[in-house]
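Written below as structure tokens is the structure these notes are about.
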Amino acid sequence: MKTQVKTTCNRDCPDACSIVATVEDGRITQLAGDPDHPITQGFLCYRTSHFLDTQYSRERITTPLLRSKHSGKLLPVSWDEALDFAAHELVRIRDESGPESIFYYRSGGTLGMMGAVVDLFFERFGPVTVKRGDICSGAGDAAQLCDFGIEDSSDFFDLQHARSIILWGKNPCVSSPHLLPLLKDCQRRGAQVLLIDPVHHKSVQLCDDFIAVRPGGDFALAMAVARLLIDDNLFDPEATTYCDHLPEFVQLAQSRSLAEWLGEADVSETAARRIAQALGRDKPATILVGWGMGRRRNGAAIVRVLDALVAVTGNLGIPGGGSSFYFKRRGAFDSSFVKGTAPRTVCEPLFGRDILAMKDPPIRAVWVTAGNPVAMLPDSHTTVAALSSRELVIVCDHLHTDTVDLAHLVLPTTTLLESDDLLGAYGHHFLAVSRPVVPPPEHVKSDLQIVQGLAARLGLSDVVAGSAREWKQRMLAPKLAELGISVETLESGSVRNPLAKEVLFADRRFATPTGRVNLIDREPPSLATPQPDYPLLLMALSTERSQSSQWARPQKGLTELTVHPDSAAGIADGGTGELQSVIGTMQVVVRHDPLQRRDVALLAKGGHLREGRCANALVEASLTDLGEGGALYDQAVRLLPL
Ligand SMILES: Nc1nc2c(c(=O)[nH]1)N[C@H]1C(S)=C(S)[C@@H](COP(=O)(O)OP(=O)(O)OC[C@H]3O[C@@H](n4cnc5c(=O)[nH]c(N)nc54)[C@H](O)[C@@H]3O)O[C@H]1N2
Ligand SMILES: Nc1nc2c(c(=O)[nH]1)N[C@H]1C(S)=C(S)[C@@H](COP(=O)(O)OP(=O)(O)OC[C@H]3O[C@@H](n4cnc5c(=O)[nH]c(N)nc54)[C@H](O)[C@@H]3O)O[C@H]1N2
Ligand SMILES: [Mo]
């Protein structure tokens, strides 16, 4: 029998697509995008449309695995044995050294709200040590909170009112493909689309103009633009009424000459004028602030200066205007049952170093769920050293990751097609549920069932009791019930969050202490500049073929490094070379691309360490200027012939 089931993609992606899955005799045979969903519009990305290969892969972990003391191998065990072991060891370590000796780490494997129930379990069992900072968007989040007091965007479709759209460091063709139909629609309505990015990538083709800024040179570029706006008298005359630090901002822009700012940004005056024109004259203008720029030493300052440009030109609070970095995806949900009482924290980008350094008590056990820190956090070798020297490492995943390689116990979890959860999105305001398209394999449990199994052994059953559906009901914000939105409503089709504004800041009131925009008023840390002996900046960026370290198809052989032919160290296109940083080396196949800048070295993010494809083996762990993000793209490297 053939049936169709709708669910929602739970991946760490702005789009949160509605999926139509075809099921034949209990097996999923096809995945398609939901034609009825206003954002999904009937198509899926490469990663998710190829997900059946992962769902039915023989490599998938479908039974608990416990590392044998004799052989050192991970061997299948029953759930009873697995959970008894986990409960016994966690209690032993907690009782001997205190709950802070256990570090619970959750990353973005699923964006479902049910993760909060797992957080709750560890808070009540401990509270244990948790992470702080954010490897993905720490700097940008902190920047927007600092400037506006909240982080959100106007409605997704409000972009249709924009005359100018600036993709500032953003590659929607890869990272958020469901923005493309809207961008094309905006262009048909007459909007100009500009792209500002150090990398020449796929999204260049859909833009009217492309400005290849120096990596991290965006602060200087924005300052050049501010100078031009000041000279042409294009600041909003009302700006003083809703912006703090306007004189200081002007002073900052005037602290260097236009030529100096342009030199630092490595951008022509014509290009800077183009941006000033878009923001100051061809209004309304929206900057779609990408997520990559924040992953730099001066990343928060870059996002802050873009917020400032939008504010001073009067593009905030009007239809078609804004500085859009994030959509408040949890805004319709209530997870306030997690109190945030952790006694101490590990800084996420410094994961390995912090674990190794912590004393009184040391970290003895690490619980990893929905993440692959070995491959995805910087300085992989230190992460490996940290995890492989712990007494207990437990990993919940369904893929055999580099982190699973270091686990004492592996607990197999559901995939996105078996998920039963509540979802918002960080690229639009639609809310949705996911539901199991098929039941999970016999020996696989959801994250909720795993903590419930553990809680039952630890006298904490009451804390996490309830079916997935009951938890969904509990987590829908009470305000939504007042507006008539229930789990049933979400099950019958996705619903736009009615609490989200159509036009953000329409009243020009901001959630900062003064109620005004907090304009950036000082210079950020200096740029990471390539060194004579390490002349390239390594950027390992999203690829359409994977979701972070989850590849649609297995990757084999050397990974590809893309550089400008002049930066290829004499290595021919297709030849092999060695990429080196001060902390690691990696063999690569070199690809020439004359369209790239000469100071960048490009890899795909998410390569596996055990296959010698992991960029983070070369990336030092260092922090952004605010928000404890990782300065992932500021790594100086060199390429040498083999
Ligand atoms: N296919 C696919 N989609 C994904 C992901 C994936 O792994 N694969 N990952 C998901 C995740 S985890 C996230 S957080 C989101 C966002 O994922 P990201 O990949 O962060 O998304 P973008 O912001 O579109 O792309 C980053 C852009 O920032 C640019 N950039 C880097 N440094 C600078 C700079 O200094 N200045 C400027 N102007 N630009 C710079 C890069 O060249 C790149 O084009 O997407 C998600 N979508
Ligand atoms: N060099 C470099 N490093 C980067 C980046 C970069 O651009 N360059 N990007 C950064 C960014 S933006 C991000 S967000 C991080 C991503 O870092 P991670 O969140 O660690 O990324 P993933 O590799 O997707 O790991 C998620 C894991 O969760 C598992 N999983 C999926 N569904 C479930 C589930 O329901 N339950 C459980 N328990 N597990 C599940 C998946 O199988 C996968 O192994 O990496 C960062 N690291
Ligand atoms: Mo991310």
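Residue numbers 13 to 654, in our numbering, belong to the letters of the sequence shown in order.
Here a beta-carbon is modelled for each residue, glycine too, at the ideal position from N, C-alpha and C.
Predicted model, so just to flag it, every value in this text is computed and none were measured.
Residue closest to residue i, alpha-carbon to alpha-carbon, out of the options
i: Val-600; options: Val-575, Val-594, Asp-611, Ala-648; result: Val-575
i: Ala-613; options: Leu-644, Ala-633, Asp-346, Arg-59; result: Leu-644
i: Gly-145; options: Val-476, Val-405, Pro-361; result: Pro-361
i: Ile-114; options: Arg-136, Ala-128, Leu-191; result: Arg-136
i: Ser-335; options: Phe-160, Gln-567, Leu-466; result: Phe-160
i: Ala-203; options: Phe-231, Pro-193, Asp-278, Gln-172; result: Gln-172
i: Gly-120; options: Glu-572, Gly-619, Ser-561, Pro-566; result: Ser-561
i: Pro-453; options: Val-129, Pro-424, Asp-170; result: Pro-424
i: Glu-500; options: Lys-484, Phe-345, Asp-65, Gly-304; result: Lys-484
i: Met-37; options: Ile-583, Lys-182, Val-449; result: Going by the sequence as given, residue 37 is Asp instead of Met. Answer by Cα proximity: Val-449.
i: Ile-629; options: Leu-652, Asp-611, Leu-591; result: Checking the sequence shown, residue 629 turns out to be Ala, not Ile. The candidate whose alpha carbon is nearest that of Ala-629 is Leu-591.
i: Asp-96; options: Pro-451, Ala-467, Glu-556; result: Ala-467
i: Met-83; options: Trp-563, Ser-473, His-420, Gly-619; result: Note that residue 83 is Ser in the sequence shown here, rather than Met. When each option's Cα is compared against that of Ser-83, the closest is His-420.
i: Ser-269; options: Glu-260, Pro-259, Glu-281; result: Glu-281
i: Val-396; options: Gly-364, Ser-90, Thr-426; result: Gly-364
Euclidean distance between Cα positions of residue i and residue j
i: Ala-44; j: Phe-63; result: 11 Å
i: Arg-650; j: Glu-276; result: 22 Å
i: Asp-704; j: Tyr-438; result: Residue 704 cannot be examined here, being either before or after the span of the chain that is shown, 13 to 654.
i: Ala-377; j: Ser-109; result: 11 Å
i: Thr-15; j: Val-416; result: 35 Å
i: Leu-621; j: Tyr-68; result: 24 Å
i: Arg-316; j: Val-507; result: 32 Å
i: Ile-162; j: Ala-512; result: 12 Å
i: Ile-595; j: Lys-196; result: 43 Å
i: Asp-605; j: Thr-381; result: 38 Å
i: Ala-398; j: Ser-392; result: 10 Å
i: Thr-526; j: Ser-149; result: 25 Å
i: Arg-565; j: Asp-65; result: 7 Å
i: Thr-524; j: Gln-464; result: 40 Å
i: Gly-329; j: Leu-470; result: 51 Å
i: Asn-509; j: Trp-379; result: 33 Å
i: Asp-319; j: Ala-98; result: 47 Å
i: His-100; j: Lys-214; result: 51 Å
i: Leu-434; j: Asp-278; result: 45 Å
Own chain residues within Cβ distance below 8 Å of residue i, not counting five before or after
i: Ala-312; result: Ala-151, Gly-152, Ala-154, Ala-155, Cys-158, Gly-306, Pro-536, Thr-636, Asp-637, Leu-638, Gly-639, Gly-641
i: Ala-297; result: Ala-174, Arg-175, Ser-176, Ile-177, Ile-178, Ala-290, Leu-291, Val-322, Thr-325, Asn-327, Gly-332, Gly-333
i: Gly-586; result: Val-601, Val-602, Arg-603
i: Gly-624; result: Leu-570, Thr-571, Met-598, Gln-599
i: His-257; result: Asn-530, Leu-531, Ile-532, Asp-533
i: Ser-634; result: Arg-309, Pro-361, Pro-390, Gly-642, Ala-643, Asp-646
Same chain only: Cβ atoms within 6 Å of residue i, ignoring 5 sequence neighbours per side
i: Ala-238; result: Ala-265
i: Gln-42; result: Thr-34
i: Ser-80; result: Leu-87
i: Arg-486; result: none
i: Asp-646; result: Arg-308, Arg-309, Ala-540
i: Gln-559; result: Arg-23, Arg-59
i: Arg-341; result: Gly-436, Ala-437, Tyr-438
i: Val-405; result: Val-378, Leu-399, Leu-418, Ala-419, His-420
i: Lys-182; result: Leu-300, Gly-302
i: Pro-189; result: Cys-57
i: Leu-246; result: Gly-292
Same chain only: Cβ atoms within 7 Å of residue i, ignoring 5 sequence neighbours per side
i: Ala-284; result: Leu-233, Ala-236, Val-237, Leu-240, Leu-274
i: Arg-609; result: Pro-210, Ala-224, His-576
i: Leu-132; result: Phe-349, Val-350, Val-475, Val-476
i: Pro-139; result: Pro-111, Thr-353, Ala-354, Pro-355
i: Cys-21; result: Ala-28, Cys-29, Ile-31, Thr-60, Leu-428
i: Ile-5; result: Given that the chain is displayed from residue 13 to residue 654, the structure contains no residue 5 and the question cannot be resolved.
i: Val-216; result: Leu-207, Phe-222
i: Ala-627; result: Leu-550, Ala-552, Leu-615, Lys-617, Gly-619
Cβ of residue i within 7 Å of any chain D Cβ
i: Glu-494; result: Given the protein chain composition of this structure (a single chain), no chain D is represented.
**Contained beta strand (DSSP E) runs [length at least 3] in the segment 314-355, N- to C-terminal order** = Fully enclosed beta strand (DSSP E) runs of 3 or longer: 334-336.
**Item:** beta strand (DSSP E) runs contained entirely in the segment 516-583, provided each spans 3 or more residues
**Value:** The segment 516-583 contains these whole beta strand (DSSP E) runs: 548-553, 571-575.
**Message:** Quick check on the DSSP output: what are the complete beta strand (DSSP E) runs of length 3 or more inside the segment 455-493, in order along the chain?
**Reply:** With a minimum length of 3 residues, no continuous beta strand (DSSP E) run stays inside the segment 455-493.
**Request:** Please go through the segment 95-121 and give each complete beta strand (DSSP E) segment of 3 or more residues, from N-terminal end onward.
**Result:** Restricting attention to beta strand (DSSP E) runs no shorter than 3 residues, the segment 95-121 encloses them at 114-118, ordered along the chain.
**Request:** Tell me the start and end of each unbroken alpha helix (DSSP H) in the segment 185-256 that is at least 4 residues and wholly inside, in chain order.
**Result:** Segments of the alpha helix (DSSP H) lying fully in the segment 185-256: 192-200, 230-243, 251-254.
**Request:** Only counting runs of 3 or more residues, tell me where the beta strand (DSSP E) segments fall wholly within the segment 371-398, in order along the chain.
**Result:** Here the runs fully enclosed are 377-381.
**Prompt:** Curious, which full-length alpha helix (DSSP H) runs of at least 4 residues does the segment 592-649 contain?
**Reply:** Here no run is fully enclosed.
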